[in-house]
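I have placed the structure first, in the form of structure tokens, so that the comments after it can refer back to it.
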Amino acid sequence: MTKAARVLRARCAPAGRPSYAGRVSTAAAPGPNPDRPSTPEPAGQPRTARDAGREALAAWLAAQPDDLFADDADLAALIAHHGLSERSGALHAAGRAAAGSVDAAARENDRIGNHPVLDAWDGIGRHTAGVAHHPSYRAAGRGIYGTGVMAAYAEAGVDGRATGTTPRRPVRAAPHRFVLSLFYLTAQAGEAGHNCPLACDAGAIRTLQHLGTAAQQAAHLPGLLDPDFDTNLTASQFLTEVQGGSDVGANAVRATPIGDHDGGPGSPWAVSGEKWFCSNADADVFLVTARVAHPGTGTKGLGLFLVPRTRPDGSVNGFAIRRLKDKLGTRSMASGEIDFTDARASALGPVRDGFRNVMELVITTSRLFNAAGCAAHARRAWVVASTYAQHRTAFGQPIGGFPLVAETLAWIRADAVASLAGTLQLAGLQEQVDDGSISDTDAAFFRVAVNLNKLQTALLAHDAVNRGIEVLGGNGAIESFSVLPRLLRDTVVYENWEGSHNVLRAQVLRDCARLGVHRGFFDGLAARLGPEHAEALEADRRAFDEVLAAPAQVRDLRFRRLGTRMAIWVMLAAMAAVPELAAAARMTQRHLREPEIDEEYLSCIAALQRR
Ligand SMILES: Cc1cc2nc3c(=O)[nH]c(=O)nc-3n(C[C@H](O)[C@H](O)[C@H](O)COP(=O)(O)OP(=O)(O)OC[C@H]3O[C@@H](n4cnc5c(N)ncnc54)[C@H](O)[C@@H]3O)c2cc1C
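Position one of the sequence shown corresponds to residue 16 (my numbering), numbered consecutively onward.
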């Protein structure tokens, strides 16, 4: 079955589960939740407290921005700083889609009864390994891919001389900062069924551009770069197995050579075994890690393979989806458990470099997308909560006037800005990594900072959405009232995939001990932060040297604390050169030291309120 046919196949709710599909609207949403009409008041009755309360809520709904880019002065400042202002038209279009059709579709898509279901056999008993989606999934996909978020990768110029025997450098880097700015806007609708797939698509596109043979590129790149969700291809990436996700070296899925070859790029293999977490399970092409050497050889024995969904005759390519996961968050995207049996695969790059390539090109990309998604969740929490605080009254005044609410709102906004600034800074460095122009110091800074940034943005997003719910009070806990409960569930997943917190900490410590990249990391920070923070930064540099030299148990526990500080430094470094973000930067420093509650702090809170 073609992708369009699979997606177009609107389904009924599975037997035994309630279907709400008949009573929900697919219309664009004007605010956080337009589904529930207010009760009409009897004519001629005096205006009651209830009337006033409901009018205030209606005013809050009406106050939701209809263009999330136009509403975001912080993003605008960063866009100007990164020299992307000429792309404002595309960002406004994405901001309008995110606030309108994508948001409405994402809300509908996540209703109980509307989640994806396994639809593995066609009507006459042929195996399709299909997943059926509610039509709102396609509506969201059209809006998101239509922003050009994946199509922008076509701007990367790839060295035409490459034969696929070695990783090649693009002659022009992909516009990662622009891509992640678009993604940050649409991701404010939550997972929407597409955020995880976008990260996977991006990893696949980058890997194909850097490593793919001409045949692999011709087969997959045009479809992955197509902005039309009805005709494009999507990708997924399967590393995790039931025995462990963090410990990728424990992978047992195996790849067997087909014919006699040296395992070079594009060589044919057959993949067999079980992958335990397979998101975007109905993708058109899978990137799969599999063991090419004997068990026990760890990550060194892993190759990276391209597994198309179908064989040339249209049949399913040697895999079956055992079941879909019943998830806490990101529920509108299908995550399955998949059994592979002699699936036809081709090596993506040389098999001996599989693990290195998957980390550099796939996982690093995913970690940047994960961080941009977290910044988006935090920002949306601020949009919803800051408008609410203007319209909700308690004890005779708007709640935003209470110092504690205002401070909470300032924290949320500052954490969203810090996460976005840090991520765009790293996306800029990724562009330099790609085209080979990065300095040694910045390469070291990038290597450490990508992992710390992924960790910290996920922690901040969870906290920001939780605090946004707090501002909404009891209403914040109600799924039908606002987007925030869904975002909170999504942030839990963001914390755990693409590297759990501890695994990221362990990777940073390992990289620093083995490669000494902490020296470039701290040098990069010092150059960006300037004299204002020199003393505190030097103290942390010394503390890190001590941590590295400490016995393992002490080292790990100390680094949990120090790693947080290092991640915050990365974010502050990104904000240092953008004067419009001064108040947010000042507020972000509360993660480094307890702030003085003085006039300056109060003016900082005031500067971060919604106008
Ligand atoms: C919704 C969802 C979708 C997913 N989709 C995919 C997908 O499409 N493809 C894919 O490959 N994976 C996917 N994953 C899997 C995800 O990447 C893993 O869950 C993650 O890598 C962690 O692996 P694990 O669950 O096996 O946890 P484990 O590795 O078992 O870790 C359990 C705990 O132990 C800690 N721990 C592990 N090692 C160390 C250490 N050295 N030091 C200190 N603590 C440690 C971890 O931090 C964690 O807290 C998905 C996960 C979720 C939740």
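Glycine included, every Cβ here is placed at the ideal spot set by N, Cα and C.
In this structure, the C-beta of Gly313 stays at least 6 Å away from each heavy atom of ligand 1. Counting the other Cβ atoms within 10 Å of the Cβ of Leu530 gives fewer than 16, which makes it exposed. The distance from the Cβ of Asp89 to that of Ala589 is about 12 Å, inconsistent with a contact at the 8 Å cut-off. Look at Val518: its beta carbon is less than 6 Å from one of the heavy atoms in ligand 1. Going by beta carbons, Thr506 and His392 fall inside the 7 Å limit.
Taking the C-beta atoms as reference points, Ala113 is found no nearer than 7 Å to Leu93. Contact check for Leu343 and Val132: beta-carbon distance about 18 Å, past the 8 Å limit, so the pair fails to qualify.
Relative to the Cα of Val498, the nearest Cα in the group Arg407, Arg102 and Asn124 belongs to Asn124. Between Thr304 and Asn266 the beta-carbon gap is near 6 Å, inside 8 Å, which marks them as a contact. In this structure, DSSP gives Trp136 an extended state, which the three-state scheme calls strand.
Collapsing the DSSP output to three states places Phe537 in a helix. Using a Cβ distance threshold of 7 Å, Ala400 and Ile414 do not count as a contacting pair.
In this structure, Thr438 lies away from Ala473, with their beta-carbon atoms at least 7 Å apart. Our two residues, Ala109 and Asn129, have alpha carbons roughly 25 Å apart in a direct line.
At the C-beta level, Arg395 and Gln203 come within 7 Å of one another. The beta carbon of Ala214 sits closer than 6 Å to the beta carbons of Ser381 and Phe384 from its chain, once the five residues preceding and following it are set aside; these are given in chain order. In the structure shown, the three-state DSSP call for Trp584 is helix. The three-state secondary structure of Gly491, taken from DSSP, is helix. Inclusion of Ala459 and Val366 in the CB contact set at 7 Å is not warranted, their separation being larger than that value.
Judged by their CB atoms, Glu352 and Arg337 are nearer to each other than the 7 Å cut-off. Of all alpha-carbon atoms in Ser330, Gly161 and Phe198, the one lying nearest the alpha-carbon of Arg141 is that of Ser330. Linking Lys340 to Ser350 through their CA atoms gives a straight-line distance of about 6 Å. In this structure, Phe301 and Ser251 form a Cβ contact; the two beta carbons are roughly 5 Å apart against a cut-off of 8 Å. Non-local beta-carbon contacts of Gly369 in its own chain, meaning distances under 6 Å to residues more than five positions away in sequence, involve Leu317, Gly318 and Leu319 in chain order. If you look at Val399, you'll find it in the alpha helix (DSSP H) that goes Thr379 to His406. For Glu289, there is no enclosing alpha helix (DSSP H); the enclosing beta strand (DSSP E) has its first and last residue at Pro283 to Ser294.
For Ile336, the enclosing beta strand (DSSP E) starts and ends at Phe334 to Leu339. Bounds of the alpha helix (DSSP H) holding Leu239 are Ala229 to Leu240. Beta-bridge analysis with DSSP links Glu352 to Arg338. With a threshold of 6 Å, the Cβ atom of Gly416 does not count as near ligand 1, since no heavy atom of the ligand is closer than that.
In the assembly as shown, Phe410 is an exposed residue. Its beta-carbon has fewer than 16 other beta-carbons within 10 Å. When the five nearest sequence neighbours on each side are left out, the beta carbons in the same chain lying within less than 8 Å of the beta carbon of Trp426 are those of Ala479, Arg482, Met602 and Arg605, in order along the chain.
Note that the C-beta distance between Ala528 and Leu563 is below 7 Å.
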